Ligand code: 13P
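This is the structure in structure tokens:
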């Protein structure tokens, strides 16, 4: 399950519908699945393009099924657009919109109920890293965000380790230190939920991944994929990253 190196692209709040359609139509043919997380407005238009191997997903959801929640979008609404997955607990949502682990946990459960694959993000700030608190912070985020899930549910989840100090800075974590953290996370998952879950849960790295850094990241045994932000917005770097991964799949 976690053997194929996955590329998940997070467009964040970028691209109108027409820009997104033009981009996807220009993507060279894909030979293995690529996951594209887009603004809500682009979900259905891109899913309708039905581009082989291109899976479309959302970047957030609201955990209630329906009701008086002005401005929010539920998992069932997302599912009906043709989306297949959803990014949850991204650091920008945790920091800008004050999302807690408990709230992320509710969202994970709502996504699973609608058969949307949750991509759950965790990561430490620069201050926490400098205080040597990385492992403590990640453990709390991991256990609280995935609280009360059974092993069937846990095996469907992808975890994304995104150190906040590496996001949007142009300087990713070194492949060695990312590998060290991923190995640690996998051990933690094994201790909590057993070997089967630990072997099945993909752990992706995110934070300034580019066509220059992806090859070294891919070589690391516990890095099962990459969550790519800025470099996925330009067709040239997006295509280079895909070509590098497809040319030498893990
Ligand atoms: P960048 O690749 O732009 O650093 O963004 C990473 C990210 O936040 C992906 O979710």
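Numbering (our numbering), first residue to last: 838 to 1087.
All residues carry an ideal CB built from backbone N, CA and C; glycine is no exception.
Just so we're clear, the structure is a prediction, and the values are computed from it rather than from any experiment.
heavy atom of the ligand 13P below 7 Å from residue i C-beta
{"i": "residue 963", "result": "no"}
{"i": "residue 1010", "result": "no"}
{"i": "residue 995", "result": "no"}
{"i": "residue 1049", "result": "no"}
{"i": "residue 863", "result": "no"}
{"i": "residue 1046", "result": "yes"}
{"i": "residue 999", "result": "yes"}
{"i": "residue 927", "result": "yes"}
{"i": "residue 847", "result": "yes"}
{"i": "residue 893", "result": "no"}
{"i": "residue 990", "result": "no"}
{"i": "residue 884", "result": "no"}
{"i": "residue 1004", "result": "yes"}
{"i": "residue 1068", "result": "yes"}
{"i": "residue 908", "result": "no"}
{"i": "residue 1043", "result": "yes"}
Limits of the alpha helix (DSSP H) - the one that residue i falls within
{"i": "residue 991", "result": "988 to 991"}
{"i": "residue 912", "result": "912 to 917"}
{"i": "residue 950", "result": "938 to 950"}
{"i": "residue 862", "result": "854 to 863"}
{"i": "residue 1012", "result": "1012 to 1030"}
{"i": "residue 1051", "result": "1051 to 1056"}
{"i": "residue 979", "result": "971 to 982"}
Residue i classed as buried or exposed, judged by whether at least 16 other C-beta atoms fall within 10 angstroms
{"i": "residue 1058", "result": "exposed"}
{"i": "residue 875", "result": "buried"}
{"i": "residue 1089", "result": "In the structure as shown, the chain begins at 838 and stops at 1087. Residue 1089 is therefore absent and cannot be evaluated."}
{"i": "residue 847", "result": "buried"}
{"i": "residue 840", "result": "exposed"}
{"i": "residue 1006", "result": "exposed"}
{"i": "residue 939", "result": "exposed"}
{"i": "residue 1024", "result": "exposed"}
{"i": "residue 1055", "result": "buried"}
{"i": "residue 1010", "result": "buried"}
{"i": "residue 878", "result": "exposed"}
{"i": "residue 928", "result": "buried"}
N- and C-terminal bounds of the beta strand (DSSP E) containing residue i
{"i": "residue 1080", "result": "Here residue 1080 belongs to no beta strand (DSSP E); instead the alpha helix (DSSP H) covers 1072 to 1084."}
{"i": "residue 1039", "result": "1039 to 1043"}
{"i": "residue 922", "result": "922 to 925"}
{"i": "residue 995", "result": "995 to 998"}
{"i": "residue 896", "result": "Taken as a continuous stretch (DSSP letters only), residue 896 belongs to no beta strand (DSSP E), as it is neither H nor E."}
{"i": "residue 967", "result": "Per DSSP, residue 967 belongs to no beta strand (DSSP E); it is in the alpha helix (DSSP H), 963 to 967."}
{"i": "residue 933", "result": "Not the beta strand (DSSP E): residue 933 falls in the alpha helix (DSSP H), residues 928 to 933."}
{"i": "residue 1065", "result": "1062 to 1065"}
{"i": "residue 880", "result": "Per DSSP, residue 880 belongs to no beta strand (DSSP E); it is in the alpha helix (DSSP H), 877 to 886."}
{"i": "residue 1004", "result": "No beta strand (DSSP E) holds residue 1004; DSSP gives it neither H nor E."}
{"i": "residue 874", "result": "871 to 874"}
Cβ distance (whole Å) where residue i is taken to contact residue j below 8 Å
{"i": "residue 979", "j": "residue 1034", "result": "Not really, about 12 Å apart at Cβ, beyond 8 Å."}
{"i": "residue 898", "j": "residue 915", "result": "6 Å"}
{"i": "residue 1047", "j": "residue 1061", "result": "Not really, about 18 Å apart at Cβ, beyond 8 Å."}
{"i": "residue 957", "j": "residue 983", "result": "7 Å"}
{"i": "residue 995", "j": "residue 954", "result": "7 Å"}
{"i": "residue 821", "j": "residue 1043", "result": "Here the chain comprises residues numbered 838 to 1087, so residue 821 is not present and cannot be evaluated."}
Check: residue i C-beta below 7 Å from any heavy atom of the ligand MG
{"i": "residue 1065", "result": "For the ligand MG, the structure offers nothing, since it holds only the ligand 13P."}
Closer than 8 Å to chain C by CB, residue i
{"i": "residue 1039", "result": "Of the protein chains in this structure there is only one, and it is not chain C."}
Cβ contact (3+ pairs, closer than 8 Å) linking the segment 1013 to 1031 and the segment 1072 to 1081: no
Pairing CB atoms from the segment 916 to 934 with CB atoms from the segment 854 to 863, are three or more of them under 8 Å? no
Are the segment 901 to 909 and the segment 858 to 874 touching by the rule of at least three beta carbon pairs closer than 8 Å? no
Quick check: the segment 964 to 979 against the segment 916 to 925, are there 3 or more CB pairs under 8 Å? no
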